[in-house]
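*Asks:* From first to last, the protein sequence lines stand for chains L and P.
Just so we're aligned, residue 12 is where the first sequence starts under my numbering, counting upward by one.
Just so we're aligned, residue 2 is where the second sequence starts under my numbering, counting upward by one.
Cβ atoms here follow ideal geometry from the backbone N, Cα and C, with glycine treated the same way.
Here it is, the structure, as structure tokens.
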Amino acid sequence: MKNKTLIIPAILFFFILFILFYLLLIDRKPSELPSVLINKKVPVFKAESLLNDNIFISEKEFKNELTIVNFFATWCKPCLDEHVYLKKLSIGENLKIIGINYKDDPKKAIKWLKELGNPYYDVLVDYDARIGIDWGVYGLPETFIINSKGIIKYRLVGPITEKNYNMFKLKIIEINQ
Amino acid sequence: MIPFFGNLALWLSLFFASLQFILAYNQNPNLLLRFNNIVNKGLLISILISFFSLMYCHIISDFSVLNVFQNSHTTKPLLYKISGVWGNHEGSMLLWILVLIIFNYFIHKLFNKKNLALLSKALEVQALIIIGFLLFSILTSNPFEIIFPVPSNGLGFNPLLQDPALAIHPPLLYIGYVGFSAAFSLGIASMSVSKKERVNWHSYMKPFVVAAWSFLTLGIALGSIWAYYELGWGGWWFWDPVENASLMPWLLGTALIHSLITVEKKKSLQTWVLLLSILTFLLSVTGTFLVRSGILTSVHTFALDPERGIYILAFIALLGGYSLLLYGLKSKNFLNKNYLSFLSREGLILANNIIMMTVCATVFLGTMYPLLIEAFSNNKISVGEPYFNSTVVPIMIPAILIMGIGPILSWGDKSTKKKLKILSPAIFLTFISTIIFIWLYNSFNLFGIIGIVMSFWIISNIILAQIQHFQKKFNINKIKTNIIPKSSLGMTLAHLGIGLLILGITGSSVWQKEKIVKMNINDETFIHDYKIVFKEVKKNIGPNYIALQGNFLIYTKNNQLIAELKPENRFYPVAQNSTTEASIHTNIFRDLYIVLGDGDINNGWIIRIYYNPLVIWIWIGVVTIFAGGLFSLKKNIGIIKKIPA
């Protein structure tokens, strides 16, 4: 080992330290994710449906009524916990929820929906995560609220839970007005 | 009154720690020995008073203390009132300091006239660490803060934490994290003193590292057990940032132990030991930083307080800057020009060190990458399980292969070719056991096969080495059997434990079966070869919760009843929170795991059922590793005692 290489750990250390300081000092809230998409039109995309042979065309679907887009996968455990609340929303509130099955095995997804019930108006296959990338999906599950003009108004990262269910419902009512 | 004394004792600890720090600059040996003794005991006693005062406040539910009010409730069972002391940020910091001071006490116990220079420097560094954490506690997170008027009851406790495994998880984990502080202090000390004063520094360091590593292993495992049955997700490791934060010091600690053995036997790898002793502790503190600064979100996150984050980070900057610059300047004095042959025990240990470093760096990158990306591009991304599984697992495979061979080779080996021949029985044994295993489980999954081969490879090598030692001892076999070097009981057990651990990890991750179904009363379902019948749901009232308890009967293929599982859904009215308690039936082949989900009598319940093969071997493996650690600890303390004073 050359003597000079012994200083490398210190240099790396200061580099990492610098980044951590920077992150601490800037005003950031890790659980609230800003989205560049907020107040913008939904990304344009086409996708196959998991449930039928139709092709889903975004321009045709996101208009006239408030729509919820939920990214989920069978491998995502919090999605399972969230499922109950999605059902509550779809049955109780009569909302149009579009599920996007992210990086998942379609067979498993179909089975999942059969066993647990299907809260979705339509489920789209996003096997290679292209739709997810367009929407800037950070981690699963993620839920977006889109108003009747096709504008994204709200983004929730993480599952809808007992705790934030009411808040989420309020957001929907707010956006619908 | 009691909280006042607790607070006073905390300040007193700060006073004693400062004295210990200043004393190190005194060069008079008699004064140092005598005075340090008083200061050291004073420090220990005052922190004990402080810690037990807080515990007392929690036990008697003294809600005039903010910490008790925020984290406790009169209805909470006694065990959880006690563990509630460290179930929150302020109290756990106090526990951290307590453990730090206990280790300080043990370093001090080694003090004598010969090692005066080395140990007084180590005690100085230890005092600096203690002062840093005491100031942190007193200034930003004082557990003895008072509120007035005194509330009539507390806010309750996060019910997820109300669990026996989690009650002892933090203390064990902290013994691990904090134990590495002793290695850090001794490492710095040996770089700071002259060559003559550097007496047996590695022998002093080793028992601390062994103790810390063993407890860290056990602590991590307890956290995993908790996650396994409490989160109800069927798994026991989720690559959560905080899990990673505990894994990284573990990996480096593993490398550190092995390098220390090499230093002891061959005097080589000394610079490795120094670097690892610094990095291991720095990563332990960084783990604390990640958990408490709110910089990452995780299930473990304590408090989102940037002020605290900046304090800890500044402290890390001080410790890391000082130690790593010192390393950069001084560690060349420890370089040793001895050539290492790869196929010797030290050669393989070096290879394993490099692999452990790589794995640690990989985990570090995965944990920090989202932060790096955010700092540079303002985008948020997440790195999840797929990254870790596809990077860590392949890097670990050569490490495990090496682990099987290492103990068979001797130190500074030159005639390795001959010795590699003795590997053939191990290869044969591994092959046979893998075949039997695959035949039993009737599965040809590639990762499964690799995992099983790895596991049996380690186990076979250990068994064969033991057989040879046995033969040699009793002269059963007259042929030259002394080709396998002596191995310590601690090492044998620890390696065996790792073998069993890999068996469990492989079984439960590769052959897990999951079933999520909606069931009504008297419905039945099948998983693997078992029939599961949903008998009933009843209400169950616990000390501070109300539970819905499901009753499931498990039958084998031949309709034989083997178990009754009772998963619960608990609701805690004080915390307004519910938890799931999975019910698990365990034997040496598999776990059957049932979680009661949402539902009601009309629509049925969502039931999650897991068939998790070989999980028990994870826990058996960990206990074996821990036992190995304890044997090794005993041996290493013995070595220190033999050092002439």
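Is it buried or exposed, residue 152 (chain L), if we count other Cβ atoms within 10 angstroms and call 16 or more buried?
*Replies:* As a working mapping, residue 152 (chain L) is identified with position 141 in the first sequence. Classification for residue 152 (chain L): buried.
*Asks:* Spatial neighbours of residue 651 (chain P) within its chain, please: C-beta separation below 7 Å, excluding the five flanking residues on both sides.
*Replies:* Here chain P has residues from 2 to 646 only, and residue 651 (chain P) is not among them.
*Asks:* Using CA coordinates, which residue listed in P:534, P:278, P:90 is at the minimum distance from residue 179 (chain P)?
*Replies:* Residue 179 (chain P) sits at position 178 when you count from the first residue of the second sequence. For the residues P:534, P:278, P:90, the minimum Cα distance to residue 179 (chain P) belongs to P:278.
*Asks:* Are the CB atoms of residue 409 (chain P) and residue 462 (chain P) within a distance shorter than 8 Å?
*Replies:* For the purposes of this step, residue 462 (chain P) is taken as the residue at position 461 of the second sequence. For the purposes of this step, residue 409 (chain P) is taken as the residue at position 408 of the second sequence. A contact, by the Cβ cut-off of 8 Å.
*Asks:* Would residue 7 (chain P) pass as a contact of residue 51 (chain P) if the rule is Cβ separation under 8 Å?
*Replies:* The residue labelled residue 7 (chain P) in the question sits at position 6 within the second sequence. The residue labelled residue 51 (chain P) in the question sits at position 50 within the second sequence. In this structure, residue 51 (chain P) lies closer than 8 Å to residue 7 (chain P) by Cβ.
*Asks:* My output table needs one value for residue 140 (chain L): the three-state DSSP class, helix, strand or coil.
*Replies:* Indexing the first sequence from 1 puts residue 140 (chain L) at position 129. Residue 140 (chain L): coil per DSSP, three-state reduction.
*Asks:* Taking any Cβ of chain L, which residues in the region 323 to 346 of chain P have a Cβ under 7 Å from it, in chain order?
*Replies:* Identification of residues in the region 323 to 346 of chain P having a C-beta nearer than 7 Å to some C-beta of chain L yields 325, 326, 328, 329, 332, 333, 336, given in sequence order.
*Asks:* Could you please give the first and the last residue of the uninterrupted alpha helix (DSSP H) stretch that includes residue 600 (chain P)?
*Replies:* Here residue 600 (chain P) is taken as the residue at index 599 of the second sequence, counted from 1. Unbroken run through residue 600 (chain P) is the beta strand (DSSP E), 591 to 601; no alpha helix (DSSP H).
*Asks:* Only counting runs of 3 or more residues, tell me where the beta strand (DSSP E) segments fall wholly within the region 532 to 581 of chain P, in order along the chain.
*Replies:* 547 to 556, 562 to 566, 569 to 573
*Asks:* Step through the CB atoms of chain L and report whether any lies within less than 8 Å of the CB of residue 375 (chain P).
*Replies:* Locating residue 375 (chain P) in the second sequence gives position 374, where the first residue counts as 1. Answer yes: the Cβ-Cβ gap between residue 375 (chain P) and chain L drops below 8 Å somewhere.
*Asks:* Can you tell me whether residue 433 (chain P) is helix, strand or coil according to DSSP?
*Replies:* Translated into positions along the second sequence, residue 433 (chain P) becomes position 432. The answer is helix: DSSP assigns residue 433 (chain P) an H, G or I state.
*Asks:* Report the rounded CA-to-CA distance for residue 200 (chain P) versus residue 113 (chain P), giving the unit in angstroms.
*Replies:* Counted from its first residue, the second sequence places residue 200 (chain P) at position 199. Counted from its first residue, the second sequence places residue 113 (chain P) at position 112. Going by the C-alpha atoms only, they are around 11 Å apart.
*Asks:* Is the beta carbon of residue 127 (chain L) less than 8 Å from the beta carbon of residue 519 (chain P)?
*Replies:* As a working note, residue 127 (chain L) is residue 116 in the first sequence. As a working note, residue 519 (chain P) is residue 518 in the second sequence. Judged by their CB atoms, residue 127 (chain L) and residue 519 (chain P) are nearer to each other than the 8 Å cut-off.
*Asks:* Identify the residues that DSSP records as bridge partners of residue 606 (chain P): which are they?
*Replies:* Position 605 of the second sequence holds residue 606 (chain P). In the DSSP output, where bridge partners are listed per residue, residue 606 (chain P) has P:520, P:600.
*Asks:* For residue 180 (chain L), return the contacting residues in chain P, with the cut-off set at a CB-CB distance below 8 Å.
*Replies:* Here residue 180 (chain L) is taken as the residue at index 169 of the first sequence, counted from 1. In chain order: nothing, as chain P lies at least about 18 Å away.
*Asks:* Name the one or two DSSP bridge partners that residue 112 (chain L) has.
*Replies:* For the purposes of this step, residue 112 (chain L) is taken as residue 101 along the first sequence, with counting starting at 1. The partner list for residue 112 (chain L) (beta bridge, DSSP) reads L:83, L:136.
*Asks:* Is it true that the CB of residue 192 (chain P) sits closer than 8 Å to the CB of residue 331 (chain P)?
*Replies:* For this step, residue 331 (chain P) is matched to residue 330 along the second sequence. For this step, residue 192 (chain P) is matched to residue 191 along the second sequence. Yes, Cβ-Cβ distance for residue 331 (chain P) and residue 192 (chain P) is below 8 Å.
*Asks:* Please compile the residues from chain L whose C-beta is within a distance smaller than 9 Å of the C-beta of residue 277 (chain P).
*Replies:* Taking the second sequence and counting its residues from 1, one reaches residue 277 (chain P) at position 276. Those do not exist, as residue 277 (chain P) stays about 10 Å from chain L at its closest Cβ, beyond 9 Å.
*Asks:* Would you mind working out which of P:285, P:572, P:268 sits nearest residue 203 (chain P), comparing C-alpha positions?
*Replies:* Translated into the one-based positions of the second sequence, residue 203 (chain P) becomes position 202. Out of P:285, P:572, P:268, P:268 has the C-alpha closest to the C-alpha of residue 203 (chain P).
*Asks:* Mind reading off the beta-carbon distance from residue 28 (chain L) to residue 188 (chain P)? Whole number of angstroms is fine, and I expect it under 8 Å.
*Replies:* As a working mapping, residue 28 (chain L) is identified with position 17 in the first sequence. As a working mapping, residue 188 (chain P) is identified with position 187 in the second sequence. Contact doesn't hold; Cβ gap of about 20 Å is too wide.
*Asks:* Starting from the beta carbon of residue 518 (chain P), find every residue of chain L whose beta carbon is closer than 8 Å, and list them in chain order.
*Replies:* Taking the first residue of the second sequence as 1, we reach residue 518 (chain P) at position 517. Within 8 Å Cβ-Cβ: 126.
*Asks:* Would you say residue 310 (chain P) lies against chain L (beta-carbon separation less than 8 Å)?
*Replies:* On the second sequence, residue 310 (chain P) is found 309 positions in, with the first residue counted as 1. Judged by the 8 Å Cβ criterion, residue 310 (chain P) is in contact with chain L.
*Asks:* Using only CA atoms, which one of P:492, P:25, P:22, P:14 lies nearest to residue 137 (chain P)?
*Replies:* Mapped onto the second sequence, residue 137 (chain P) falls at position 136. The shortest C-alpha separation from residue 137 (chain P) is found at P:14.
*Asks:* Shorter than 7 Å, the distance from the beta carbon of residue 333 (chain P) to the closest heavy atom of the ligand HEM, or not?
*Replies:* Absent from the structure shown: the ligand HEM. Ligands present: none.
*Asks:* Does DSSP put residue 26 (chain P) in a helix, in a strand, or in coil?
*Replies:* For the purposes of this step, residue 26 (chain P) is taken as the residue at position 25 of the second sequence. Residue 26 (chain P): coil per DSSP, three-state reduction.
*Asks:* Residue 427 (chain P) to residue 86 (chain P), Cα distance in whole Å?
*Replies:* Here residue 427 (chain P) refers to the residue found at position 426 when the second sequence is read from its first residue. Here residue 86 (chain P) refers to the residue found at position 85 when the second sequence is read from its first residue. When rounded, the distance between both Cα atoms is 50 Å.
*Asks:* I'd like to confirm the pairing. Which residues does DSSP put opposite residue 166 (chain L) in its beta bridges?
*Replies:* Within the first sequence, the letter at position 155 stands for residue 166 (chain L). According to DSSP, which records beta bridges pairwise, residue 166 (chain L) is partnered with L:155.
*Asks:* In this structure, how does DSSP classify residue 426 (chain P) when only helix, strand and coil are distinguished?
*Replies:* What you label residue 426 (chain P) is simply residue 425 of the second sequence in a count that begins at 1. Taken through DSSP and simplified to helix, strand or coil, residue 426 (chain P) comes out as helix.
*Asks:* Kindly list the residues whose CB is nearer than 6 Å to the CB of residue 18 (chain L), restricted to its own chain and excluding five residues on each side of it in sequence; keep chain order.
*Replies:* By one-based count along the first sequence, residue 18 (chain L) stands at place 7. The answer is none, since no qualifying residue turns up.
*Asks:* For residue 24 (chain L), go through chain P and note every residue whose CB falls closer than 8 Å to its CB, in chain order.
*Replies:* As a first step, residue 24 (chain L) is located in the first sequence; it is residue number 13 there, counting from the start. 283, 321, 322, 325, listed in chain order.
*Asks:* Going by the beta-carbon positions, is the gap between residue 47 (chain P) and residue 10 (chain P) smaller than 8 Å?
*Replies:* In the second sequence, the residue the question calls residue 47 (chain P) occupies position 46. In the second sequence, the residue the question calls residue 10 (chain P) occupies position 9. Result yes, Cβ atoms of residue 47 (chain P) and residue 10 (chain P) sit closer than 8 Å.
*Asks:* Using a C-beta to C-beta distance shorter than 7 Å, which residues of chain P count as neighbours of residue 95 (chain L)?
*Replies:* For this step, residue 95 (chain L) is matched to residue 84 along the first sequence. Within chain P, the residues near residue 95 (chain L) are 599.
*Asks:* In its own chain, which residues sit with a C-beta less than 6 Å from the C-beta of residue 209 (chain P), not counting the 5 before and 5 after it?
*Replies:* Along the second sequence, read from residue 1 onward, the residue named residue 209 (chain P) stands at position 208. If we look at residue 209 (chain P) and ignore the five residues flanking it on each side, its Cβ neighbours are 180, 183, 184.
*Asks:* Which residues in the same chain as residue 42 (chain L) place their Cβ atom closer than 6 Å to its Cβ, once the five residues preceding and following it in sequence are excluded?
*Replies:* Residue 42 (chain L) sits at position 31 when you count from the first residue of the first sequence. Reliability of the predicted coordinates at residue 42 (chain L) is poor, the pLDDT of 47 falling under 50, and no value is obtained from them.
*Asks:* Please compile the residues from chain L whose C-beta is within a distance smaller than 9 Å of the C-beta of residue 189 (chain P).
*Replies:* Within the second sequence, the letter at position 188 stands for residue 189 (chain P). Result: empty, since nearest Cβ-Cβ is about 14 Å, beyond 9 Å.
*Asks:* The region 221 to 235 of chain P: which residues have C-beta closer than 7 Å to a C-beta of chain L, in chain order?
*Replies:* For the region 221 to 235 of chain P, which is checked against every Cβ of chain L, the residues closer than 7 Å are 234.
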